[in-house]
Amino acid sequence: MLIKQFTKNNAIHAICVTEHWKTSEQMENYGIKDFVLSSAYCRSDNEHGGSAIYLKNGCIFKERKDLVNMSVKRVIEIAAVDLNYEGNLITILSLYRPPGNTETFFKIFEQVLDIICWNKNTVIIGGDFNIDQMNEVDVNRAILRDLLNSFGVFLTIQTPTRTTSTSKSCLDNIFTNNLQYQSQNIPTYMSDHNTAQLISINFTNKTETKQYIHRRIMNKENLDNLRERLKKVNWNQIHEYDDKDVDTQWNCFSELFQTEFQISYPLRCMLLKNKKTQTQAENSDKIRTCKTRLDILHTCKSKNNIFQEAYKQVKKEYDNLLRQEKHQRYRERIISSHNKSKTLWNIVKEIKGTEKKHAIQVPGEPKRVANNFNSYFLTSTQNMATTTICDDLDNNIKRNPNSLVFQQISEEELIKLGATLKNKSSCGKDGIPTSIMKACLEEVAKPVTFIINNSLKYGIFPEELKSAIVKPIYKKGDKEEMENYRPISLLPAFSKLFELVISKQLISFLSQHSILSTSQHAYVRGYSTQTAIYEFIANIVHALEDSDIAIGLFLDLSRAFDSLNHGYIFKKMEQYGIRGTSLEWFKSYLHFRTQTVSINTDTSEVNSETLPIEFGVPQGSILGPIIFIIFINDLSDKLTNNHVSVINYADDTNILLRSTNCFEATQLTMNTLSQANEWFINNQLCMNKQKTQATLFKTSHASFVTPKLISVQGEKLNLDKTVKLLGVWMDESLKWNKHIEELSKRLSSNCYSLGVLNKYLDKESLKIVYQASFESRIRYGCMFYGNASNIDNVARLQKRALRYILKMKSADSCRGKFCENGLLTIAAIHIQECLLFLFKNKHRFEQKTSTEYNTRTTQLKYPAHKLAFTERCPEYMCTRYFNKIRPTMRAEKNIKKFKSLVYEMLLKMEPYSVKEFLDYNMERLPTGSS
Numbered sequence: 001m002l003i004k005q006f007t008k009n010n011a012i013h014a015i016c017v018t019e020h021w022k023t024s025e026q027m028e029n030y031g032i033k034d035f036v037l038s039s040a041y042c043r044s045d046n047e048h049g050g051s052a053i054y055l056k057n058g059c060i061f062k063e064r065k066d067l068v069n070m071s072v073k074r075v076i077e078i079a080a081v082d083l084n085y086e087g088n089l090i091t092i093l094s095l096y097r098p099p100g101n102t103e104t105f106f107k108i109f110e111q112v113l114d115i116i117c118w119n120k121n122t123v124i125i126g127g128d129f130n131i132d133q134m135n136e137v138d139v140n141r142a143i144l145r146d147l148l149n150s151f152g153v154f155l156t157i158q159t160p161t162r163t164t165s166t167s168k169s170c171l172d173n174i175f176t177n178n179l180q181y182q183s184q185n186i187p188t189y190m191s192d193h194n195t196a197q198l199i200s201i202n203f204t205n206k207t208e209t210k211q212y213i214h215r216r217i218m219n220k221e222n223l224d225n226l227r228e229r230l231k232k233v234n235w236n237q238i239h240e241y242d243d244k245d246v247d248t249q250w251n252c253f254s255e256l257f258q259t260e261f262q263i264s265y266p267l268r269c270m271l272l273k274n275k276k277t278q279t280q281a282e283n284s285d286k287i288r289t290c291k292t293r294l295d296i297l298h299t300c301k302s303k304n305n306i307f308q309e310a311y312k313q314v315k316k317e318y319d320n321l322l323r324q325e326k327h328q329r330y331r332e333r334i335i336s337s338h339n340k341s342k343t344l345w346n347i348v349k350e351i352k353g354t355e356k357k358h359a360i361q362v363p364g365e366p367k368r369v370a371n372n373f374n375s376y377f378l379t380s381t382q383n384m385a386t387t388t389i390c391d392d393l394d395n396n397i398k399r400n401p402n403s404l405v406f407q408q409i410s411e412e413e414l415i416k417l418g419a420t421l422k423n424k425s426s427c428g429k430d431g432i433p434t435s436i437m438k439a440c441l442e443e444v445a446k447p448v449t450f451i452i453n454n455s456l457k458y459g460i461f462p463e464e465l466k467s468a469i470v471k472p473i474y475k476k477g478d479k480e481e482m483e484n485y486r487p488i489s490l491l492p493a494f495s496k497l498f499e500l501v502i503s504k505q506l507i508s509f510l511s512q513h514s515i516l517s518t519s520q521h522a523y524v525r526g527y528s529t530q531t532a533i534y535e536f537i538a539n540i541v542h543a544l545e546d547s548d549i550a551i552g553l554f555l556d557l558s559r560a561f562d563s564l565n566h567g568y569i570f571k572k573m574e575q576y577g578i579r580g581t582s583l584e585w586f587k588s589y590l591h592f593r594t595q596t597v598s599i600n601t602d603t604s605e606v607n608s609e610t611l612p613i614e615f616g617v618p619q620g621s622i623l624g625p626i627i628f629i630i631f632i633n634d635l636s637d638k639l640t641n642n643h644v645s646v647i648n649y650a651d652d653t654n655i656l657l658r659s660t661n662c663f664e665a666t667q668l669t670m671n672t673l674s675q676a677n678e679w680f681i682n683n684q685l686c687m688n689k690q691k692t693q694a695t696l697f698k699t700s701h702a703s704f705v706t707p708k709l710i711s712v713q714g715e716k717l718n719l720d721k722t723v724k725l726l727g728v729w730m731d732e733s734l735k736w737n738k739h740i741e742e743l744s745k746r747l748s749s750n751c752y753s754l755g756v757l758n759k760y761l762d763k764e765s766l767k768i769v770y771q772a773s774f775e776s777r778i779r780y781g782c783m784f785y786g787n788a789s790n791i792d793n794v795a796r797l798q799k800r801a802l803r804y805i806l807k808m809k810s811a812d813s814c815r816g817k818f819c820e821n822g823l824l825t826i827a828a829i830h831i832q833e834c835l836l837f838l839f840k841n842k843h844r845f846e847q848k849t850s851t852e853y854n855t856r857t858t859q860l861k862y863p864a865h866k867l868a869f870t871e872r873c874p875e876y877m878c879t880r881y882f883n884k885i886r887p888t889m890r891a892e893k894n895i896k897k898f899k900s901l902v903y904e905m906l907l908k909m910e911p912y913s914v915k916e917f918l919d920y921n922m923e924r925l926p927t928g929s930s
């Protein structure tokens, strides 16, 4: 393996060699000259094996004997050096893993990574791992990948490194923590493998250019100043306008608020690279005072050595103060953030010096690019709608005789609703962040409530709040193509207050009159993504238990929110009971909206011209998804029958078909897709046939082979083995392998972030980070995948994360540490989620009891079944866990008390597996805990 950099004469600087039986003289026969053996581990026997690193003569290096000494014969064989190249410290490892004994290898390799990966140096690991990166079913491949990701190290070769007449494999690789490096395969005759790897390293001395940006300083001092100024504003002038003139009232309020906002938060020109987070005044004063003393002593020691010791002491004090200030700053940023995962990664990037700008890479002059984006986002939606135009909407919606009448709200209600908004720093066209609006809501509640009540009374939404700022966000594919970017809309903060008030009353009306379909799981009390996934899986299980064929259809709509026809929206609303002034309000809300695309350049933001929006509901709004589910509400009525069940969650439409044989299943699939497509065409929506998926579910012992595709109306529909349902990957046998693989990738990255932060945050802060970024990922969908056969992959990463939080060594046991720190194991989280779901959805289980439902005297009866497959599924597992707990817990009626009891029980048990929980003797638990 050659490590080569291209800045000076294409020089090769390092060669990593496994099978270290080749001597320097033998290497010269292959044209490799002027190299010195810098580090080696070689077996004492005559077998081919070992590893070595050769460096170019003149390289400054130091052998890492501490790493070489960690080699174990026939387990892991390491050569290692620290190379100093033009001021860049590079740790290079040549590593060989003989086949077999993977468990010991991974333990030692993790200890090696723990030593070399937490400094700011570049890490390069080249070697023969005998783990095929092209073999997707190899368990060791996933373990190695997750281990490397946990330390911020990534593989660079994913193509065959050894090719024979019968196979292709990728056993050799180069791993690095610098993603700017590139690797490739090159022909060689140095080993029995057909190829070796070349990693291209390009160190360039960047000339820094000063960049300035205009921004407002969002600190507590400015906020306090704004709130005090707002208290002195005379808001009575808003009442001078006619009550129906909502636009003028809002313009008056906006002008008064903006005046005080710009005075309190003036735009300042700042040097971009010197951007710093506001620190506590007390710490800043201490740091400034200590820095002054340090500067004085620095001058004194240069003239007289007697001050040297005093300088060292003050330098330590100064470094400690900086460290404490940084710890406090990071802690406050994470705790106050509404998106802790994003904040976490921003801090990690700052620490590692890998912060990147996400500038648009579409070529062209920025203003023209922004205008092109704006036209593209709007015209693509219009073209989609007009190509499927229908003269009039024809539906069978039953008219609701009741009508929605908006109720006036009080200032207290408005303040309470506003408190539910997230503290986002992003802002719309008015430049006011949601966090600032929330913080000042008490000071402006009176005028805002007055205007909102007039808006409700007269059905008028302020024109000034209809403008959106759109940010193009890269998705995937060629970064120079506009179709590979998706629009994210930023709306004025105050518009969200209007929407919150309306949404609360609208959802209440829909619920009160049972308007929404029973298939809809979004915005319905007691329903969620969890109930949607549970019901879909339950339908699969019931079909397979009846020996039916079960086919899942997962429909994808192109730009669904953006292409809704306003006329059709209002017609459906009127039929559902949203009429009169209420309907006029929604017309005012949707009509005459505009958008402006904003793109970032290296030094500024560039805005496009403003264009009108003629279709759709506002992206990023509170009301948009609710309007959409009203629009799509009658779809399930068209599709649902004895053989077809529909599960909706907002714009996710998922259908399960069941039939007795393959021919009927194909016909049913064809008819259902035809009916769905007809509904979409009639409603001017476009089904994306390329992204619409189908999966044939079956037990792992099913005798038939799943066909690769089925023909539907002359078109071929692929039958995928895996599909993503509401963020959870399902496979055809519900074994959850794909989901656990994808989850492990994310969790290993979260492990890395915890590893970076454990030097900067205390244990309690790290636990907050863990629960927000790591445990939250585990918890979502854990009820379904938590008892899978390969769940140990997730458990292994969870233990690694705990070791980072507690600053433990990689070989230290975690047994008992979860309980001590109030954290649940992955098995405990799975059981907790199942028990809480059952408690909240007892109506789904009550019919299974043998007598009248009474948990004091009877357990739940298991669902009747004939397949072992059913015993792995949620309905059975929830029942099994519920029956395991003590009768006093089953009899509990209060959800908060039940949740507390379950948590205490699982914390004390600390089960590492479901089997541990089921085998546990409940009598061992203290009586008070359950």
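Residue numbers (full-length UniProt numbering): 1 to 930.
Using N, Cα and C, we set each Cβ at its ideal position, and we do this for glycine too.
Source: prediction; values computed, not measured.
| Asked | Found |
| --- | --- |
| Nonlocal neighbours in the same chain, by C-beta distance under 7 Å from residue 573, ignoring five residues either side | 583, 586, 630 |
| Strand pairing of residue 313, partner residues [DSSP] | Residue 313 is not bridged to any residue. |
| Cutoff 6 Å; reference residue 192; Cβ partners in own chain excluding five residues on either side | Because residue 192 carries a pLDDT of 49, less than 50, the predicted location of this residue cannot be relied on, and the following value inherits that uncertainty. Result list for residue 192: empty, nothing under 6 Å. |
| Residue 132 Cβ short of 7 Å to the ligand SAH heavy atom set | The model depicted lacks the ligand SAH and carries no ligand whatsoever. |
| Local Cβ density within 10 Å of residue 281, reported as buried at 16 or more and exposed below that | Residue placement at residue 281 is poorly supported in this model, since its pLDDT is 42, which falls under 50; the coordinates are not used for a value here. |
| Residue 468 - containing beta strand (DSSP E), residue span | 467-474 |
| Three-state secondary structure (DSSP) of residue 720 | coil |
| Residue 207 classed as buried or exposed, judged by whether at least 16 other C-beta atoms fall within 10 angstroms | A caution first: residue 207 carries a pLDDT of 49, below 50, which makes its placement in the model unreliable, though a value can still be read off. Burial call: exposed. |
| Separation of residue 635 from residue 685, as counted between CA atoms | 12 Å |
| Contact check, residue 366 vs residue 599, beta carbons under 8 Å | yes |
| Given 8 Å, three or more beta-carbon pairs between the segment 824-839 and the segment 491-503 | no |
| Close Cβ partners of residue 377 (< 6 Å) along its chain, the five nearest in sequence each way excluded | 487 |
| Residue nearest to residue 804 in terms of C-alpha spacing, selected from 82, 774, 563, 792 | 774 |
| Cβ distance (whole Å) where residue 657 is taken to contact residue 650 below 8 Å | The Cβ separation is near 22 Å, so there is no contact. |
| Of the listed residues 57, 35, 78, nearest to residue 42 (C-alpha basis) | 78 |
| Extent of the continuous alpha helix (DSSP H) to which residue 489 belongs | Segment 485-490 is the beta strand (DSSP E) holding residue 489; no alpha helix (DSSP H) there. |
| Selection from 289, 337, 326, 328 that minimises the alpha carbon distance to residue 314 | 289 |
| Cβ neighbour criterion (16 or more within 10 Å) applied to residue 905 | buried |
| Three CB pairs or more closer than 8 Å across the segment 638-647 and the segment 606-622 | no |
| Where residue 615 falls, given that 16 or more other Cβ within 10 Å makes a residue buried | buried |
| Cβ distance (whole Å) where residue 739 is taken to contact residue 781 below 8 Å | 7 Å |
| Cα-Cα separation, residue 194 to residue 161 | Its pLDDT being 45, under 50, residue 194 is placed unreliably by the model, and nothing is read from it. |
| Pairwise C-alpha distance: residue 171 and residue 91 | 22 Å |
| Stretch-stretch touch, CB-based, cutoff 8 Å, three pairs: the segment 685-704 with the segment 716-727 | yes |
| For residue 783, the first and last residue of its enclosing alpha helix (DSSP H) | 782-785 |
| Secondary structure of residue 550, DSSP reduced to three states | strand |
| Cross-strand partners of residue 52 (DSSP beta bridge) | 17, 40 |
| Residue burial classification, residue 559 (beta-carbon count within 10 angstroms, cutoff 16) | buried |
| For residue 660: DSSP bridge partner residues | DSSP, once it has assigned bridges, lists no residue as partnering residue 660. |
| Pick from 623, 456, 234, 874 that is closest to residue 404, judged by C-alpha positions | 456 |
| Close Cβ partners of residue 532 (< 7 Å) along its chain, the five nearest in sequence each way excluded | 521, 647, 649, 726 |
| Reduced DSSP secondary structure (H/G/I, E/B, other) of residue 834 | helix |
| From 644, 662, 663, residue whose alpha carbon lies closest to that of residue 655 | 644 |
| Where residue 707 sits in the DSSP three-state scheme | coil |
| Between the CA atoms of residue 783 and residue 511 - distance to the nearest angstrom | 27 Å |
| When 736, 662, 688, 669 are compared against residue 705, the one with the closest alpha-carbon | 662 |
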